[in-house]
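Before any comments, here is the structure.
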Amino acid sequence: MRLAACLLAVLAVGCGGDGSHANPLDPNVYLDHALSLMRSRAVYTPAGGWAEVTARARKMAAWAKTPVDTYPAIGYVIGRLQDAGDHFHAVFLDPEASKDEQKIQSSPEQTAPPTVSLAAPRIGLVTLPSSLSSPASANRRRYARSALSAIAALRRRADVCGRIVDVRRDRGGDMFPMLLAVGPILGSGRVVGFAGNGKRPIWVSYGQNTLSGAGTTARAPIGIADFEPAPAVAVLTSPNTLSAGEDVAVAFRGRPQTRSFGGPTGGTTNSPGIYRLVDGATIRFASYWDTDRTGRIYRKPITPDVAVNPDWSDRPVRLAASWLRSTRGCR
């Protein structure tokens, strides 16, 4: 279960209906609202189609007297979304489970910081782990600060001409600190977008140590000037690159002087909508497909440019470093 999915999505709070004065706690109104959210905003379509699935859900809840009585019907629809391919993001949480998840997100426990090193002479390596934290947490700032401080230090002491960004073990969480951590090499302008149900993408752009878009503005905890000229970048991926980790990989797609190495990503190239219902329960499901800076939408695992066993040996790193040394900035 993705603990920090709401950090990548526009949060919509259920108001119990369509703007009418119907009681939002009426089980029929409550269920219809949940079904409407899933039907209108999910990027996956259940087998048999929405008409069949929603009819079945209403039949399951025909006897409902309270919102709690509709939970099995909502869970049934979430299960159909999972069957359709939304394995990672589709979930229903009752009010108690929703509170527990919020507590976990706001926990002061630190997540592992990125690591920055020299992979080879003149080749920098930034390894990004998962970042499971709430938007305002110290963990988010600490994650980005750690990487940026180390990148600045390496810049002062070594003549680095190419960079490797390793997301082979990045299983997701909060995209924003991950992108801020590599902001100086991303390039300014839009870097990643989220497209849902045929609508224009919601773009996230980077510039002057700041990410903006998707309802969020996130500033780096320390200012690092963008690399000029923009360095060549190699991105390492694997099947363990998931969700927000895939967002990072997508953010580098379409970037000049960039090549990816390793294995296909895990295939959760989508971001969830988080919808808090009126009684405190939560429904979450994939509402947006990831989109790279050129406008290409990703609905399947991201295939690297150079396929190589993405194990944790140094072979993918060596291949990436070899390519980087051949690029203009390193020659």
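So for the sequence shown, my numbering puts the first residue at 393; every next one is plus one.
Think of the CB as a built atom: it goes at the ideal place given N, C-alpha and C, for glycine as much as any other residue.
None of these values were measured; they are calculated from a predicted model.
A distance below 7 angstroms between beta-carbons, with the five flanking residues on each side excluded, links Arg691 to the following residues of its chain, in chain order: Thr661, Trp681. Residue pairing by DSSP places Gly581 opposite Tyr598 in a beta bridge. For the pair Arg647 and Val698, the CB atoms are not nearer than the 8 angstroms cut-off. Nearest to Thr686 by C-alpha distance, out of Gly581, Ser635, Glu638, Ser718, is Gly581. Within the segment 455–538, the complete alpha helix (DSSP H) segments at least 4 residues long are 463–475, 487–497, listed from N- to C-terminus.
With contacts defined as CB atoms closer than 8 angstroms, Arg532 and Asp566 qualify as a contacting pair.
Thr462 sits close to Ala453, with the two beta carbons spaced by under 8 angstroms. C-alpha of Pro569 to C-alpha of Ser523: approximately 8 angstroms in a straight line.
Excluding its 5 nearest sequence neighbours in each direction, Pro621 has C-beta neighbours in its own chain below 8 angstroms: Gly721, listed in chain order. Under DSSP, Pro664 shares a beta bridge with Ala678. By the criterion of a C-beta distance shorter than 6 angstroms, Ala573 is surrounded in its chain by Pro506, Ala536, Ala539, once the five residues flanking it on both sides are discounted. Inter-segment contact for the segment 416–430 and the segment 656–674 is present: three or more beta-carbon pairs are separated by less than 8 angstroms. Between the segment 704–719 and the segment 503–518, the count of C-beta pairs closer than 8 angstroms reaches three or more; the two stretches touch. Nearest to Gly477 by C-alpha distance, out of Arg592, Ser679, Ser541, Leu571, is Ser679. For Leu628, the closest C-alpha among the options Gly655, Ala414, Val460, Thr609 is that of Gly655. When secondary structure is reduced to three states using DSSP, Tyr690 falls in the strand class. With respect to Ala636, Gly564 sits close: the two C-beta atoms are nearer than 8 angstroms.
Residue state for Arg547 is assigned as helix, using DSSP reduced to three classes. Residue pairing by DSSP puts Phe653 in a beta bridge opposite Leu628, Val698. If you ignore the 5 residues before and after Ala617, its C-beta comes within less than 8 angstroms of the C-beta of Pro576, all in its own chain and listed in chain order. Distance between Pro696 and Phe653, taken at the CA atoms: about 5 angstroms.
Beta-bridge partners assigned by DSSP to Ile556: Leu517, Ala626.
The continuous alpha helix (DSSP H) containing Thr446 extends over residues 442–452. Taking the Cα positions, Tyr598 is about 9 angstroms away from Leu571. Taking 8 angstroms as the cut-off, the Cβ atoms of Arg645 and Asp684 count as close. DSSP places Phe619 in the coil class of the three-state scheme, outside both helix and strand.
In the assembly as shown, Thr458 is an exposed residue. Its beta-carbon has fewer than 16 other beta-carbons within 10 Å. DSSP links Leu603 through a beta bridge to Tyr598, Ala610. DSSP places Gly672 in the coil class of the three-state scheme, outside both helix and strand. Between Ala465 and Leu473, the CB-CB gap reaches or exceeds 8 angstroms. No Cβ-Cβ contact shorter than 8 angstroms links Phe677 with Ala439. Per DSSP, reduced to three states, the secondary structure at Asp684 is strand.
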